[in-house]
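Visitor: Position one of the sequence shown corresponds to residue 2 (the working numbering), numbered consecutively onward. Yeah, the Cβ is synthetic: ideal placement off N, Cα and C, and Gly gets one too. For reference, the structure I am asking about is given below.
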Amino acid sequence: MHQTRLLGSRLGLGLGLGLGRRSPRLLWRSAPTADLVWVQQRRAASGGSSRSKRYQEQLAARNQTVALYMFSIVVGFVGLSYAAVPLYKAFCQMTGFGGTTQRVDEKTAAKVKPVENGRLIRITFAGNTASTLQWTFRPQQVSVKVVPGETALAFFRAKNKTDLAVTGVATYNVYPPQAGIYFNKIQCFCFEEQRLKPKEEIDMPVFFYIDPEFMDDPAMRHINNITLSYTFFKTGEEEYEPEVYDDEVEDDPEFIPKASPA
């Protein structure tokens with residue numbers, strides 16, 4: 002009986018000591034101290050800040066890439082818009098699309114000969130101006146008749162009705178459109194801009210011929226009339242140009258008279 006009590010007391014003491022040794026460890030695990038909580042909060046804040054910073058950097062890099070792509074697209078479209086005009090013009094000149102005429106030099110034209118026994122083709126002329134251009138513009142002849150391979154010269158007269166110098170350029174086309182590929186211009190005022198002084202009036206030439214291959218094209222078999230039309234558009238701002246008289250020029254101290262021919 003006494004041994005049993007002694008064993009029980011030792012066992013209880015041992016359990017108590019064991020619990021006493023383990024209890025602080027369990028308490029530390031279940032309830033962190035204030036210092037540990039502060040360390041954990043700092044780590045969490047530091048980790049969140051670093052993640053946020055990396056996210057901001059990635060977002061900035063992504064936005065920069067998108068902006069670069071958009072800028073490249075804009076530049077590409079601008080380049081295409083400028084290139085579209087000469088490319089379209091070259092295409093029209095090669096195919097005669099839309100009644101676009103061809104352009105040849107004088108050496109090439111000199112080798113062309115009129116087709117013998119070729120049928121006569123009437124070339125009719127028309128001239129117009131845009132509403133923004135205060136010019137009169139009309140052909141000096143209604144029409145001419147040529148055979149394919151024969152060169153012809155026609156004139157258009159333009160007059161500036163304003164008191165300002167005006168620059169204009171002419172667009173042109175041929176009707177019927179499929180005949181444009183055979184209409185060859187050697188010289189034309191439409192190749193470059195024309196500037197007229199106030200109230201100035203000038204005659205502008207068109208030197209052309211119809212390609213001899215016109216006779217061999219079945220699509221041209223029933224075409225005996227071709228219309229060449231021009232429309233003038235204003236290309237620059239109107240500018241005032243004061244008239245200069247001969248006596249004013251001679252009074253100019255920088256005036257240098259031209260040498261008379263020997």
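Need the endpoints of the beta strand (DSSP E) that residue 110 sits in, please.
Guide: Not the beta strand (DSSP E): residue 110 falls in the alpha helix (DSSP H), residues 107-111.
Visitor: Can you tell me where the beta strand (DSSP E) holding residue 102 begins and where it ends?
Guide: Neither: residue 102 is in no beta strand (DSSP E) and is coded neither H nor E.
Visitor: Just confirm the distance between the C-beta atoms of residue 211 and residue 145, as a whole number of angstroms; I'd bet it's less than 8 Å.
Guide: Not a contact, Cβ separation roughly 11 Å.
Visitor: Can you list, in chain order, the residues of its chain whose CB lies under 6 Å from that of residue 152, leaving out five sequence neighbours each side?
Guide: 210
Visitor: From residue 119 to residue 75, what distance separates their C-alpha atoms?
Guide: Distance between the alpha carbons of residue 119 and residue 75 is about 54 Å.
Visitor: Using three-state DSSP, classify residue 74 as helix, strand or coil.
Guide: helix
Visitor: Give the single residue among 133, 157, 149, 131 whose Cα lies nearest to the Cα of residue 139.
Guide: It is 157 whose Cα lies nearest to the Cα of residue 139.
Visitor: Check each candidate in 198, 200, 134 and name the one with the smallest Cα separation from residue 236.
Guide: Closest option to residue 236, Cα to Cα, is 134.
Visitor: Can you tell me the Cα-Cα spacing of residue 171 and residue 63, whole angstroms?
Guide: 49 Å
Visitor: Rank 202, 214, 231, 162 by C-alpha distance to the C-alpha of residue 189 and give the top, closest one.
Guide: 231
Visitor: Using the C-alpha atoms, what's the distance from residue 207 back to residue 185?
Guide: 10 Å
Visitor: Tell me the DSSP secondary structure of residue 202 in three-state form.
Guide: strand
Visitor: With H, G and I counted as helix, E and B as strand and the rest as coil, what does DSSP make of residue 57?
Guide: Secondary structure at residue 57: helix, using DSSP grouped into helix, strand and coil.
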